[in-house]
Every structure is written in C-alpha cells, then in structure tokens.
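Report on one structure; see the data block that follows.
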Amino acid sequence: MSADTSLPVLTQKDFASDQEIRWCPRCGDYSILAQMKKVLPTLGIPRENIVFVSGIGCSSRFPYYMSTYGMHSIHGRAPAIATGLKVARPELTVFVITGDGDALSIGGNHLMHALRRNVDLKIIMFNNQIYGLTKGQYSPTSPLGKKTKSTPFGSVDRPLNPLSIAIGAGATFVARSADVDIKHLTSVLERAAAHKGSAFVEVYQDCNVFNSGAFEFATKKDQKEENCIYLEHGKPLIYGKARDKGVRIDGAGNPDIVNLSDVKEDDLLFHDETTDDPTHAFRLAQMRWPDSPEPMGVFRAIERPTYDGEVDRQFKDCIASQGSGDLDKLFNSGDTWEVKAKS
Amino acid sequence: MSSESRESSEQETAENETPVESQTATKELQTVESVVIRFCGDSGDGMQLAGTQFTNVSAVFGNDVSTLPDFPAEIRAPAGSLFGVSGFQLCFSSGDIYTPGDEVDTLVAMNPAALKTNLADLKRGGTLIVNEDAFDKSNLGKAHYDSNPLDDESELASYRVHKVPMTRLTRDAVDGLGLSVREADRCKNFFALGLVYWLYERDSKPTEEWVKSKFGKYPSVLEANLRALKAGFNFGFSTEQFTVHYEVPAAQLEPGRYRKVTGNEAVAMGLVTAAKLAETELFYGGYPITPASDILHELSKLKRFGVRTFQAEDEIAAITSVVGAAFGGALAVTASSGPGIALKGEGIGLGVIMELPMVIVDVQRGGPSTGLPTKTEQSDLFLTYFGRNGDCPMPVIAARSPADCFAMAQEAVRIAVEFMTPVFLLTDGYIANGAEPWKIPEVDGMYRVKVRHPTESNGNGHGFQPYMRDENLVRPWAIPGTPGLEHRLGGLEKSDGSGNVSYDPDNHQQMTKIRSQKLDKIAESIPDQEVDGSESGDLLVISWGGTYGAVKSACAASRRQGKSVAHCHLQYIHPFPRNLGEVLSRYKKVLIPELNSGQLWIIIRAHFLVDAVSMSKVKGKPFLIGELCDKIDEVLES
Ligand SMILES: Cc1ncc(C[n+]2csc(CCOP(=O)(O)OP(=O)(O)O)c2C)c(N)n1
Chain D
69 MSADTSLPVL TQKDFASDQE IRWCPRCGDY SILAQMKKVL PTLGIPRENI
119 VFVSGIGCSS RFPYYMSTYG MHSIHGRAPA IATGLKVARP ELTVFVITGD
169 GDALSIGGNH LMHALRRNVD LKIIMFNNQI YGLTKGQYSP TSPLGKKTKS
219 TPFGSVDRPL NPLSIAIGAG ATFVARSADV DIKHLTSVLE RAAAHKGSAF
269 VEVYQDCNVF NSGAFEFATK KDQKEENCIY LEHGKPLIYG KARDKGVRID
319 GAGNPDIVNL SDVKEDDLLF HDETTDDPTH AFRLAQMRWP DSPEPMGVFR
369 AIERPTYDGE VDRQFKDCIA SQGSGDLDKL FNSGDTWEVK AKS
Chain Y
372 MSSESRESSE QETAENETPV ESQTATKELQ TVESVVIRFC GDSGDGMQLA
422 GTQFTNVSAV FGNDVSTLPD FPAEIRAPAG SLFGVSGFQL CFSSGDIYTP
472 GDEVDTLVAM NPAALKTNLA DLKRGGTLIV NEDAFDKSNL GKAHYDSNPL
522 DDESELASYR VHKVPMTRLT RDAVDGLGLS VREADRCKNF FALGLVYWLY
572 ERDSKPTEEW VKSKFGKYPS VLEANLRALK AGFNFGFSTE QFTVHYEVPA
622 AQLEPGRYRK VTGNEAVAMG LVTAAKLAET ELFYGGYPIT PASDILHELS
672 KLKRFGVRTF QAEDEIAAIT SVVGAAFGGA LAVTASSGPG IALKGEGIGL
722 GVIMELPMVI VDVQRGGPST GLPTKTEQSD LFLTYFGRNG DCPMPVIAAR
772 SPADCFAMAQ EAVRIAVEFM TPVFLLTDGY IANGAEPWKI PEVDGMYRVK
822 VRHPTESNGN GHGFQPYMRD ENLVRPWAIP GTPGLEHRLG GLEKSDGSGN
872 VSYDPDNHQQ MTKIRSQKLD KIAESIPDQE VDGSESGDLL VISWGGTYGA
922 VKSACAASRR QGKSVAHCHL QYIHPFPRNL GEVLSRYKKV LIPELNSGQL
972 WIIIRAHFLV DAVSMSKVKG KPFLIGELCD KIDEVLES
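These protein sequence lines are chains D and Y, in that order. Be aware that the first sequence starts at 69, since it is given in our numbering, and climbs by one per residue. Be aware that the second sequence starts at 372, since it is given in our numbering, and climbs by one per residue.
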C-alpha cells in the first residue's frame, strides 16, 4: 500500500491508546508493542484501516493498547476471525496477535488453514514457551522435561517447531525475531507488514514471571552472535562474533557447521527466501539451538495469490459477467407457474 | 386432507388375479381431492428425482403440494439393503394442504427392502405398485424376507397390488439405443414415474422438457429416459391391471405467479433479499453439515448479489469468521445443525457481548451427538435458548414451513441489525428439505433493513464511545475504515458507554441487565400473537417451527367436529410476543406438541406458570395429523 501524501504524518504516539498497559513489569510484550508502534507509521496506512485481532492470553491484550481498530476475541480463534474480516473487507490491513498456546494448542487448526489459504494477514506469535495468563502451565513449545505446575515431574510432550508448522502449512512469509532485539524485530515486522499474503512471525518473548530467561541464548548481548545466524537473502550463512563460522550442506544434504578458515565462502549455504520449494526454509527451521546455531530473520518470502484477493476477484468477476443480482429474476428462476384469478 | 377423499375408490376389488377382459382405451376416471404418493427404492434408484418431478408437474398443473424427502443415513449403503432405502413422499391436492400427508394412497416400491420399510404407511385399500423384477432371491435376502411377499396373498390382501416387471419393460423400451444394462436399468425410475403420471392424469411435458435440458449432451441417455417415461405411461394406459385412474383438480390458490421452494432455498433467498434491500454485502461462513449444507450451496452461487461465502475449516471457524465479518460491517450469517451449533457456542457468546449483528441458522436434526443426521427433530430449542456460558440472552425465532423460511430469514436479519445482536433462526430437516408452492413476492414494498454505520464520533470530544446506546439500548455499528471511530471490542466485560474492559461489579450487573432488556425491546418490535380458532375456549394447542402444518390441520379437523380447539403457532420464541401470557389465560387447557421431550413446554411453564400438557415425539419423523387429533381428544376428555 502506498502512502497518501495528503494524510497527516503519523508518529509512534498516534498509535498508542489511552488504556493503561497491564502486563507484568519487564514483560517482553512491552518491547514488541513499542516496536509495532514504531513500524506502523512507516507503512503509510491510515490508522483507521488497520485492525488488530487477538485471541486470549497475556499477549492477546495487545489490541487494547493500540489506537487502531481492534478485537480481543476468544482463545485460539483470532486467525478465523481475521479471515472473516479480511474476506469481507479486503482493503483493511489486518494483524493477528497470538501466543504460543493460543496459536498452536487451541488454535492450531485455524492457524494452519489461514496459512495454507494465504489469507493476507500478519500473524505475530509471541512465543514464551509457557502459558502466561493461566499462570505457568507448559505450552506446545515447551521443551521436553520442562517442569511446570502441570508437569511437576517434567513434560513428556514433544514440542512443536512453530516455523516448521508454518512452512509445512504453506505459509508464504515466515520469520523469527526476539522481543528485545529491537532493530532486528523492527525490520522483521516491517517486512511482514509489507508482505502480501499470510505472514507468520515468531517472536521470542520473555515471560520473566513463569519462564524467565528461556531465550537468553538469542537475546543476551555477548551470546546471541555465537548462537544465532542472522539470515540475509542472497548471502551465505555466516555467524559468530568474529563472523568466523558458517553453514555448509554436506554430502547427505544436512547442514554442517564449518570454520571459515577451512572453507571458502562460496561453498557455504546461501540464503534464498524466494524459492518456491520449501525445503530450504524447512532445513533452516530445523536448526535449533543448542544443537546448532539458530537462524533468525526471514526464512521464506514468496509471492502467491492471496485467498481474500481471489475471493474478491471471483466476486467482482461474477458481478461483471452476470450483472448485479436482480431479485425479481432470482425469485422467478426455475419452474414457475401462474395461478389465475377465478373468473 | 386426503384420507377421506379416497373412500370412493375402496370398493374396487383389491386383487387383480382374475383375468379381466381386454379393455378399451377409455378407463374410468375418478376425481379425488388429494392424494399422497410415496416413491421408495434403493438410494441408487432415483426416487428423489421421481418425487421431485411429480411434485413439479403437480405444482405447475395448479395443485397445492407438500413434500417429505426421506434420505438414508448411510451415504452408500449396500444396494438392496434395508438401510439403503430412499423415499420421497408428496401430497398434492385441490384444497389447501399443510403437510405431506399422514397415510400413503399410492406406494411405489422399487425393491423388497423398500416394500418392507414402507408398507406400514400405506393405507388399507391403497395402491401398491412394485417392480416385481427386483424381487429376486438376492434382494429378498437383503431385505430379510424368508419368502417372496408378492406371492403371499394374505400379506397384501388389503391393498390394490400392481406387480409390474419394470426392469424388463424398461430394458425393452430402451433397446437399440446402445446402452449398457446398467445404464438401461437406471431409467426405470422414469418408467415408474410415467406409470404414475398415467394413474393421476399428469401432463408429462414439464418432465420431458427437464430431461431434454438435463441430458442434452447425452442423446442416448436423453432418448432412453423419454422412452422409459412413455413406456410407463403407456403401460398404465394399456395394461389390464389398471382399471381406474384419477384426477386431482387444480387448487384454488391465491392468484399470482408461483414456484416451488424448499426451506433451505428459501432461507438463502431470504438472506440475499434482506442484504440486497439493505444495500449491503452478505458474508456467509459455513461448514458442511446435513441438513444445512444446501444453504451454503445456494449462497455460493449468488455472488452477483453481493454475497461472499467462506467454507471454513470447522464450525468454530465458521462462526468466528462471521464475528470478524460482522465487525467489518457485513451482514454476517452462518448456518449449521445441532452438532455444529454446539461448537459455535463460544463464538456466539462473543457476538452477544460485543453486540454485533449476526444470523445463525440452526437446521435441526435428531440428536444428541450425531444423532439422526437425515431425520427431523426440534430438540435444539434449549441449545439455542440457553446453550452458551454466562447469562447470554439472544433472540430465537423459528420458521414454520419451507416458504415461511423466506420471510423469517429476513426477519432474523432485521432483528440482528436493528438491535445489534446475534439472532437464531430455527428450521429443521423437515422444513429444509420439504417443498411447497411459494407465491413469488413483489420486491417493491418489502421491508428494507436500514444499515447505519456512523461516521461521526458520539463522544463529545471524549473519543468514540462504542457502547453508547440509543433509546432501544442499541449501540452504534461503527466499522473499521472509518476515521476517528477507532475502537476495540472483545470478550471481556465492557464498561457501558466507553466499551473499555471493566471488572466493576455494578457495571457487570448493569450490562447483564441491559443485554436482557434488549430482548424486551425486541418484543416491542414483533407482532402480537394471533390464534387460529376462537378467542377463548377449552383447549389451546401451541406449536412452533415445522410442526405448524400438522398441528394446524389437526386443530382445524377437531374444530370441524365441533370441538373448542384453538391453535397458536409461535414464530417468536425469545422474546415471546408481549400478549402471549394473556392469550394463554383465555383457554382452560393448553397442549404443546413437540418433536422433542418437551422443551418449549418447560419454557412456557416456567414463563407463564400454566399447567400445560406436553406431547412429545422423538422418532425422527414429523407428527401425523391423526395422532395429534387423538391427543387433542385425550386432553379434552381428561
Ligand atoms: C476456551 C478457553 N480455554 C481455556 C482458556 C484459558 N486460557 C486463557 S489464555 C491460555 C493460554 C495462554 O497461553 P499463550 O497463548 O501461550 O499466551 P500467553 O498468556 O503466554 O501470552 C489459556 C489456557 C480460555 N480463555 N478459553
């Protein structure tokens, strides 16, 4: 969407609502909210055309804190609500704010279908690997063995990999960032907002009350460069504070961590967001810390017709080719007969 | 009704074993007032098609018609099995009729299983036409017959039996067209149809036209069906088996142009009409379920009317997509049946607290759980009335017949939009699949729902107040895209006025009260309850939904016998019409027949403290007029 120059220039403040923010002190949600407020004015979209739809969970309070249109709905259903809204009103820009429990447990079905349909939604999933609002049960992304209130002896549930799920469902935009990685998060949100189609962004978010420090590996200053690979389209996968390590594909097709002193840059794996084949993105999504460095950034960004766009196209085509519906004709279609007045 | 009118023909001998002299072309033609025919056969035998064609030609001829399709629950039950029997009953009449009839005058049974499962409904002295070719060892076995019932004179002695070798005659008729045996055999429903056309003096032209338009691309199939139809007709005409045939004169319907509608078609047309007249777009989010799917199918065809349809991944997504579309300003609708409505409960509650207009159509079927998917029942009343968490009142209205669905769908939209609330429209499998003549209405003069989306803030400088109400307690339907009215809705309790989240105890009490007072306001917008029959008397029979026709007919029959029986049919169940309590007080006794175990009965008793009597039937079948008359007598005598 292009900026209308006649519009007043909006700032971060214009997107803040008058509602008191009620997340716990130092919750990672604050940072995500702040970055979102920073990104929105840059999109050139009038405030009234933006809608935030959320499910239920701590993160899902988000819409109350934005001065756009918004809906805080019911647990897990935000993607379906947003789909209905977007199909009815394709001109709106619709964000979905959801948590790992909301999106992947109760709402897994809707998430999968919104993604495979490629509804033009920006789905931002706050992943804290815990149920925050209900006070600390394990979530579908909690690691095996995780001790929580509902798993006092350690979780025996295998965790889901959110990005693999998104890629598997055919998402056209898949990315990951972290709450306090301010610049990175801003750029990922900007990219997601600009994407035409369903964008799925996983944001590592610190719940300092129930699952403190789960993502330190990806957020701590002295650690993140060693533990994460910041993806750049067309560039080789290089990481490390000294940018001395890289990823290569071995003979069996698996990622292989190498030292740049041993391997030429050209032999490394190059990142390509745009391949239609999801294998590359899937391979990256499978790379998880601590077994390997973890990729951050945009995994996949491909172009495909959007669901709402196609519905709209059919809708308009029908009107153009069949003419606007005529009720008289509709009523009189099929076999009709006349009953004459008694003479 | 039909039952008495056929008595004249009952003195005809029931059997035709004695050889009859070859007849001339002129056979006796008797006039009867109404006739009930049932076609039944294997689900592959094309019985629905035969029934529909008969209905169409009767309607075009000018009879009043009413139909009852009866589908097997199994999609592909083994051919010839008892579970695989598909039936289509219709009543056509020269008088006004309100049901497809109690007893069957003419039963067409295409195989032993069909005979076994349907014979009990054929009246004594009725006409039985069977395809005797299908009564072979294998089919008899599948129908669990030890011996061929057609050979057992005593079993069929009370009917006028016509054993017709339909398979063979159909094959002969289509011989030379190069069809396979299977293809040839598929034409035998047209043979049966042709025979019944002769029997009831029907004009087969409309069916011939239909066959031509349907099979234009397949000349041999087209020709085969036409030949089978003709062969059936000629068989009736020339065989010695049939000595009489009948005519049912045209009915005196109100003058005008008519067509036939099923309930599901009428719901779809009513919704489209309401949206079009409101100059707004319709959004339909649905998930397939019997018997509601046809609403999705119908609406999917009507994009040019401003309809967007969404086949969701499940009912939860269907209802929540509707919530999203309603927030966006569309006229948002979903339809389902019991199991799907159960899933939608949480989403509907969200619509109630957000006070968004939505229409939810519940095409009821037998429950609980998956229950009887293809059979009718009225047992979702509690589900729609109470089936949500919290104090969650919402309007419930019910259509009474296929054609009435058209008006009630528009009424559901009116209430939803004018009062900013989700609305339940109840229909049922009987109404949804049944058909009746519908007098095509004039578009001019139809009620136009006014959709208002404010563009100005109502907060006098304090920002937009999404829960500021008008005199009807209705909040404004502001929609995204409107500058200056940005607001947030949600499932958490709202502060009245601002709509901000509120845990204030008094506010929750107040909002709960407002949500229920809205129903009182709706009551002021609906018509007073009328009764059929005298203004006061011995007995008032209360019906709702699809039992309308049977109850109306039974009450009328009782009155004809001099009994003081009035009929009150409820279209508005929540809220009730304001005068209903007063109406109830004018009768000594109240009877409430329902196809459930007494759900309206409980609500009426709780509401009005009347000692009403419940009549409950849960067999997956509509009421018969006769059984209602018996119950009326029993209550009157008690
Ligand atoms: C139908 C339903 N089931 C359960 C709940 C309770 N519930 C609210 S939020 C939540 C989990 C939230 O976890 P997550 O989505 O990870 O979000 P977070 O609070 O961590 O941001 C649950 C189980 C509910 N509100 N509705």
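We put the beta carbon where it would ideally sit given N, CA and C, even for glycine.
For a test of the three-state rule: what should DSSP assign to residue 254/D, helix, strand or coil? Working through the first sequence from its first residue, we reach residue 254/D at position 186. Here residue 254/D sits in helix by DSSP.
For the region 701-718 of chain Y, list every residue whose C-beta sits within 9 Å of some C-beta in chain D, in sequence order. 701, 703, 717, 718
Go to residue 264/D, then tell me how far its alpha helix (DSSP H) extends in each direction, as first and last residue. Within the first sequence, the letter at position 196 stands for residue 264/D. Segment: none, residue 264/D is in no alpha helix (DSSP H) and carries neither H nor E.
Going along the chain, which residues of the region 787-819 of chain Y sit with their C-beta nearer than 9 Å to a C-beta in chain B? Looking for chain B here will not work: the only protein chains present are D and Y.
Integer-rounded CB distance, given that residue 655/Y should sit under 8 Å from residue 705/Y: Taking the first residue of the second sequence as 1, we reach residue 705/Y at position 334. Taking the first residue of the second sequence as 1, we reach residue 655/Y at position 284. The Cβ separation is near 7 Å, so the contact holds.
So is residue 409/D in contact with chain Y if we call contact Cβ pairs under 8 Å? Residue mapping note: residue 409/D aligns to position 341 of the first sequence, counting from 1. Answer yes: the Cβ-Cβ gap between residue 409/D and chain Y drops below 8 Å somewhere.
Below 7 Å between beta carbons is the criterion; list the residues of the region 687-699 of chain Y that meet it against any residue of chain D, in chain order. 687, 688, 691, 692, 693, 694, 695, 696, 698, 699
For residue 512/Y, which residues does DSSP report across the bridge? Looking up residue 512/Y in the second sequence gives position 141. BP columns for residue 512/Y are empty, so no partner.
Would you give the residue range spanned by the alpha helix (DSSP H) that residue 975/Y belongs to? What you label residue 975/Y is simply residue 604 of the second sequence in a count that begins at 1. That run of the alpha helix (DSSP H) goes 970-979.
Burial state of residue 630/Y (16 or more Cβ within 10 Å): Residue mapping note: residue 630/Y aligns to position 259 of the second sequence, counting from 1. With 16 or more Cβ atoms within 10 Å of its Cβ, residue 630/Y is classed as buried.
Cβ-heavy atom distance between residue 207/D and ligand 1 below 7 Å? Taking the first sequence and counting its residues from 1, one reaches residue 207/D at position 139. For ligand 1, at least one heavy atom lies less than 7 Å from the Cβ of residue 207/D.
Taking only beta-carbon positions, decide if residue 405/D is within less than 8 Å of chain Y. Here residue 405/D corresponds to residue number 337 of the first sequence, with the count starting at 1. It does: the Cβ of residue 405/D has a partner Cβ on chain Y nearer than 8 Å.
Take the Cβ of residue 573/Y as the centre, count every other Cβ of all protein chains shown within 10 Å, and call the residue buried at 16 or more, exposed below. Residue numbering aside, residue 573/Y sits at position 202 when the second sequence is read from its first letter. With 16 or more other Cβ atoms within 10 Å, it is buried.
For residue 641/Y, go through chain D and note every residue whose CB falls closer than 8 Å to its CB, in chain order. In the second sequence, the residue the question calls residue 641/Y occupies position 270. Those do not exist, as residue 641/Y stays about 11 Å from chain D at its closest Cβ, beyond 8 Å.
Roughly how many angstroms lie between the CA atoms of residue 610/Y and residue 603/Y, to the nearest whole one? Locating residue 610/Y in the second sequence gives position 239, where the first residue counts as 1. Locating residue 603/Y in the second sequence gives position 232, where the first residue counts as 1. Taking the straight line from one Cα to the other gives about 10 Å.
Chain D contact residues for residue 685/Y, given Cβ-Cβ distances below 7 Å: Residue 685/Y sits at position 314 when you count from the first residue of the second sequence. The contacting residues are 177.
Go through its chain and collect everything with a Cβ distance to residue 907/Y's Cβ below 7 Å, but skip five positions before and after it. As a first step, residue 907/Y must be located in the second sequence, where it is residue number 536. Hits under 7 Å: 957, 958.
So, is the C-beta of residue 302/D closer than 8 Å to a C-beta in chain Y? Taking the first residue of the first sequence as 1, we reach residue 302/D at position 234. Judged by the 8 Å Cβ criterion, residue 302/D is not in contact with chain Y.
Nearest residue (CA-CA) to residue 501/Y, options 410/Y, 894/Y, 509/Y: Within the second sequence, residue 501/Y is the residue found at index 130, counting from 1. The option with the nearest alpha carbon to residue 501/Y is 410/Y.
Do residue 111/D and residue 261/D come within 8 Å of each other at the CB atom, strictly closer than that value? Taking the first residue of the first sequence as 1, we reach residue 261/D at position 193. Taking the first residue of the first sequence as 1, we reach residue 111/D at position 43. For residue 261/D and residue 111/D, yes; Cβs fall inside 8 Å.
Kindly identify the DSSP beta-bridge partner or partners of residue 499/Y. Residue numbering aside, residue 499/Y sits at position 128 when the second sequence is read from its first letter. Per DSSP, 478/Y, 532/Y.
Alpha carbons only, please: which of 647/Y, 621/Y, 910/Y, 771/Y is nearest the one belonging to residue 954/Y? Walking along the second sequence from the start, residue 954/Y turns up at place 583. Checked all of 647/Y, 621/Y, 910/Y, 771/Y; the closest Cα to residue 954/Y is 910/Y.
Determine the extent of the alpha helix (DSSP H) in which residue 644/Y is found, giving its start and end residues. Residue numbering aside, residue 644/Y sits at position 273 when the second sequence is read from its first letter. Start and end: 634-648.
Closer than 9 Å, Cβ to Cβ, to anything on chain Y: give me those residues from the region 146-175 of chain D, in chain order. 146, 147, 148, 149, 150, 151, 152, 153, 154, 155, 156, 157, 159, 160, 162
Which residues mark the beginning and the end of the alpha helix (DSSP H) in which residue 965/Y is found? One-based indexing of the second sequence puts residue 965/Y at position 594. Segment 958-965 is the beta strand (DSSP E) holding residue 965/Y; no alpha helix (DSSP H) there.
What is the residue span of the alpha helix (DSSP H) that residue 687/Y lies within? Your numbering for residue 687/Y matches position 316 in the second sequence. From DSSP, the alpha helix (DSSP H) with residue 687/Y extends over 686-698.
How about residue 179/D and residue 147/D: are their beta carbons less than 8 Å apart? Here residue 179/D corresponds to residue number 111 of the first sequence, with the count starting at 1. Here residue 147/D corresponds to residue number 79 of the first sequence, with the count starting at 1. Yes, the pair counts as a contact, with Cβ atoms nearer than the cut-off.
So what does DSSP say about residue 395/Y, is it helix, strand or coil? Reading the second sequence from its first residue, position 24 is the one you call residue 395/Y. Low per-residue confidence applies at residue 395/Y: pLDDT is 44, beneath 50, and the placement is therefore not dependable, though the value from the model is reported in the following sentence. The answer is coil: DSSP assigns residue 395/Y none of H, G, I, E or B.
For residue 967/Y, which of 419/Y, 990/Y, 931/Y has the nearest alpha-carbon? Against the second sequence, residue 967/Y aligns to sequence position 596. If we check each option's Cα against that of residue 967/Y, 990/Y comes out closest.
I'd like the list of long-range same chain contacts for residue 294/D, defined as Cβ closer than 7 Å, with 5 residues on each side in sequence excluded. The sequence position of residue 294/D within the first sequence is 226, counting from 1. Correct list, in chain order: 308, 309.
Report yes if the C-beta of residue 199/D is less than 7 Å from at least one heavy atom of ligand 1; otherwise report no. Here residue 199/D refers to the residue found at position 131 when the first sequence is read from its first residue. Correct: residue 199/D has its Cβ closer than 7 Å to ligand 1.
Quick check on residue 295/D - is its C-beta less than 8 Å from some C-beta in chain Y? On the first sequence, residue 295/D is found 227 positions in, with the first residue counted as 1. False, the Cβ-Cβ gap to chain Y never drops below 8 Å.
Taking the alpha carbon of residue 700/Y as the point to measure from, which residue in 157/D, 102/D, 120/D, 150/D has its own alpha carbon closest? The residue labelled residue 700/Y in the question sits at position 329 within the second sequence. Of the listed residues, the one whose Cα sits closest to residue 700/Y is 157/D.
Taking the alpha carbon of residue 674/Y as the reference point, which residue from 352/D, 227/D, 220/D, 393/D has its own alpha carbon closest? Within the second sequence, the letter at position 303 stands for residue 674/Y. With distances taken between Cα atoms, residue 674/Y lies closest to 393/D.
When every heavy atom of ligand 1 is checked, does at least one fall within less than 7 Å of the C-beta of residue 761/Y? For the purposes of this step, residue 761/Y is taken as residue 390 along the second sequence, with counting starting at 1. Residue 761/Y: no, Cβ never under 7 Å from ligand 1.
Which of helix, strand or coil does DSSP assign to residue 869/Y? For the purposes of this step, residue 869/Y is identified with residue 498 of the second sequence, where counting begins at 1. Three-state result, residue 869/Y: coil.
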